[in-house]
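Asks:
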Amino acid sequence: ALRRAARVGDGWTSAMIKFDELTAVIDRLRVLRAEYGRSDLPFEIQAVSVDRFGSSGYAELADAGVTDIIVVPWIFDGHGFDSPLEAKQESLHRFADKYIHGRDAV
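Note that the sequence shown covers residues -15 to 90 in the working numbering.
1) Measuring straight from C-alpha to C-alpha, what distance separates Lys72 and Tyr20?
2) What residues in its chain sit with their C-beta under 6 Å from that of Arg17, if we drop five residues either side in the sequence?
3) Are the Cβ atoms of Val34 and Met0 separated by less than 8 Å?
4) Going by DSSP in three states, Asp(-6) sits in which element: helix, strand or coil?
5) Take Asp61 and list the residues in its own chain whose beta-carbon comes closer than 6 Å to its own, dropping the five residues that flank it on each side.
6) Report the rounded CA-to-CA distance for Asp66 versus Ile29, giving the unit in angstroms.
7) Can you list, in chain order, the residues of its chain whose CB lies under 6 Å from that of Val90, leaving out five sequence neighbours each side?
8) May I have the straight-line CA-CA distance separating Ala48 from Ile59, to the nearest angstrom?
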């Protein structure tokens, strides 16, 4: 799958992955893309990190080459996937206020 992404793709998406494993995959993709003569083309990395969170964690992911971080904010608030929609929406708003808009969560 990595070879195919490097050879013909415009990005790669991880499953749940630890940071060290993710950086190894990103490094491998860089090598493969260079081998295929595609290092100068746009390439996105989407990640679901299981061990990097918050502002500093998201910055580490970006520094490693991640372009899109997939998050499930309500999990951090103790809500499961079967929680009421309103609880998930409140968590999304808090996440956006803190990490997207740069304000402290209310």
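C-beta atoms are modelled at their ideal positions from N, C-alpha and C, and glycine is treated no differently.
Replies: Short version:
1) Taking the sequence shown and counting its residues from 1, the one referred to as residue 72 is at position 88. Taking the sequence shown and counting its residues from 1, the one referred to as residue 20 is at position 36. Those two C-alpha atoms are separated by around 43 Å.
2) Against the sequence shown, residue 17 aligns to sequence position 33. Cβ within range, chain order: Ala(-10) and Ser23.
3) Within the sequence shown, numbered from 1, the residue matching residue 34 stands at position 50. Within the sequence shown, numbered from 1, the residue matching residue 0 stands at position 16. When the beta-carbon positions are compared, Val34 and Met0 come within less than 8 Å of each other.
4) As a working note, residue -6 is residue 10 in the sequence shown. Reduced to three states, the DSSP call for Asp(-6) is coil.
5) Position 77 of the sequence shown, counting from 1, holds the residue named residue 61. Ser75, listed in sequence order.
6) Taking the first residue of the sequence shown as 1, we reach residue 66 at position 82. Taking the first residue of the sequence shown as 1, we reach residue 29 at position 45. Cα to Cα, Asp66 sits roughly 28 Å from Ile29.
7) Taking the sequence shown and counting its residues from 1, the one referred to as residue 90 is at position 106. With a pLDDT of 41 at Val90, under the threshold of 50, the modelled position of that residue is not reliable, and no figure is offered here.
8) Start at 1 with the first residue of the sequence shown, and residue 48 comes out as number 64. Start at 1 with the first residue of the sequence shown, and residue 59 comes out as number 75. Spanning the two alpha carbons is a distance of roughly 24 Å.
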